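Novice: Counting along the sequence shown from 1, when you hit position 179 you're at 251 in my numbering, and nothing is skipped either side.
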Amino acid sequence: MVWDSLRHPRGRQAAAVYWRRRLGVLVVAVVLLVLVVSLLSGLLGGGRSNPATVAVGGSPSPTPSLQAPTVPAAASAGVSPSPTGPPAACRAADLTVAVATDARSYDSSSVPRFTITVTNRGAQPCLVDLGSPGRAVVVTSGKDRIWGSIDCIAPNPAATQVAPGQTVTSTTVWSRRRSSGADCAGTGAPVPSGTFTAVASAGGVTSAPASFTLL
Numbered sequence: 073m074v075w076d077s078l079r080h081p082r083g084r085q086a087a088a089v090y091w092r093r094r095l096g097v098l099v100v101a102v103v104l105l106v107l108v109v110s111l112l113s114g115l116l117g118g119g120r121s122n123p124a125t126v127a128v129g130g131s132p133s134p135t136p137s138l139q140a141p142t143v144p145a146a147a148s149a150g151v152s153p154s155p156t157g158p159p160a161a162c163r164a165a166d167l168t169v170a171v172a173t174d175a176r177s178y179d180s181s182s183v184p185r186f187t188i189t190v191t192n193r194g195a196q197p198c199l200v201d202l203g204s205p206g207r208a209v210v211v212t213s214g215k216d217r218i219w220g221s222i223d224c225i226a227p228n229p230a231a232t233q234v235a236p237g238q239t240v241t242s243t244t245v246w247s248r249r250r251s252s253g254a255d256c257a258g259t260g261a262p263v264p265s266g267t268f269t270a271v272a273s274a275g276g277v278t279s280a281p282a283s284f285t286l287l
């Protein structure tokens with residue numbers, strides 16, 4: 073009835089007035105329709121994913137995961153990793169060398185026996201030459217060089233592995249005869265009685281002297 077009265081106005085007003093009223097009612101109806109559609113769209117679209125969070129192709133962008141770097145068990149425990157490969161030559165700073173005689177004095181029927189000890193004070197195993205000429209004992213009397221364990225013999229190296237804290241021991245016997253490290257001249261001459269000093273060396277380290285007497 074309302075719509076029919078709008079289409080066919082009755083009364084004393086001019087036709088233009090009635091058409092303006094029709095236009096106003098139409099505008100109000102359109103506005104109300106737009107509001108209803110917007111409200112329904114908001115209610116129905118509330119559960120949809122935010123387009124900003126969806127990557128191209130329709131799949132959500134993966135969230136990068138952060139993982140702690142893997143630390144070797146030895147490093148996490150504060151233990152230095154074991155070295156790889158064969159041991160290197162011992163450093164002089166890691167070695168101690170000592171020499172000792174088996175007696176303080178020797179009669180004419182006995183000969184001196186020298187005991188040489190080499191200790192690795194480093195933190196890693198290493199190699200030291202305990203052969204010839206790597207290890208040597210030299211006997212002197214004052215400034216006179218009397219005898220050397222490596223004089224007039226062929227080289228015979230003997231690389232020996234020494235663990236950290238390990239001490240290796242070897243012995244050398246002196247026949248109480250003179251030797252020469254130059255041309256071996258005079259080698260074999262008997263040495264008279266007197267006081268002598270023995271010094272050992274190995275791995276580039278020299279021991280403290282050990283004194284003894286030949287009777």
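Note that the Cβ used here is the ideal one computed from N, Cα and C, for glycine as well. Given the structure is predicted, the values throughout are model-derived calculations rather than measurements.
Do the segment 180-188 and the segment 236-246 touch if we need at least three Cβ pairs shorter than 8 Å?
Specialist: yes
Novice: Using the Cα positions of L287 and G157, report the straight-line distance between them to the nearest angstrom.
Specialist: L287 and G157: Cα-Cα distance of roughly 52 Å.
Novice: By the DSSP assignment, the beta strand (DSSP E) with R366 in it spans what residues?
Specialist: Since the displayed the chain opens at 73 and closes at 287, residue 366 lies outside it and no answer follows.
Novice: If you reduce the DSSP assignment to three classes, tell me which class T164 lands in.
Specialist: Going by the sequence as given, residue 164 is Ala instead of Thr. A164 falls in the helix class under three-state DSSP.
Novice: Please report the Cβ distance between P197 and A164, rounded to the nearest whole angstrom; I am assuming they are in contact, meaning their Cβ atoms lie under 8 Å.
Specialist: Contact doesn't hold; Cβ gap of about 16 Å is too wide.
Novice: By Cβ distance, which residues of its chain are closer than 8 Å to P159, with the 5 residues on each side in sequence left out?
Specialist: Same-chain partners within the cutoff: Q196, P197, C198, L199, Q233.
Novice: Helix, strand or coil for G199, going by three-state DSSP, please let me know.
Specialist: Per the sequence shown, the amino acid found at residue 199 is Leu instead of Gly. Correct three-state label for L199: strand.
Novice: Can you check whether the CB of V211 is closer than 8 Å to the CB of G272?
Specialist: In the sequence under discussion, the amino acid at residue 272 is Ala, which differs from the Gly named in the question. No, the pair does not count as a contact, with Cβ atoms beyond the cut-off.
Novice: Could you check what DSSP says for L286 in three-state terms: helix, strand or coil?
Specialist: strand
Novice: Mapping DSSP to helix, strand and coil, what is G96?
Specialist: helix
Novice: If F268 sits next to A175, beta carbons under 8 Å apart, how far is it from one beta carbon to the other, in whole angstroms?
Specialist: A Cβ-Cβ distance of about 12 Å is found for the pair F268 and A175, leaving them out of contact under the 8 Å criterion.
Novice: Looking at L167 and G275, is the spacing between their C-beta atoms short of 8 Å?
Specialist: Yes; because the gap between Cβ atoms is below 8 Å, this pair is in contact.
Novice: Give, in chain order, every unbroken run of the beta strand (DSSP E) that is at least 3 residues long and sits entirely within the segment 207-252.
Specialist: 207-213, 216-220, 231-234, 239-245
Novice: For A270, report the span of its beta strand (DSSP E) as first-last.
Specialist: Where A270 is concerned, the enclosing beta strand (DSSP E) starts and stops at 266-274.
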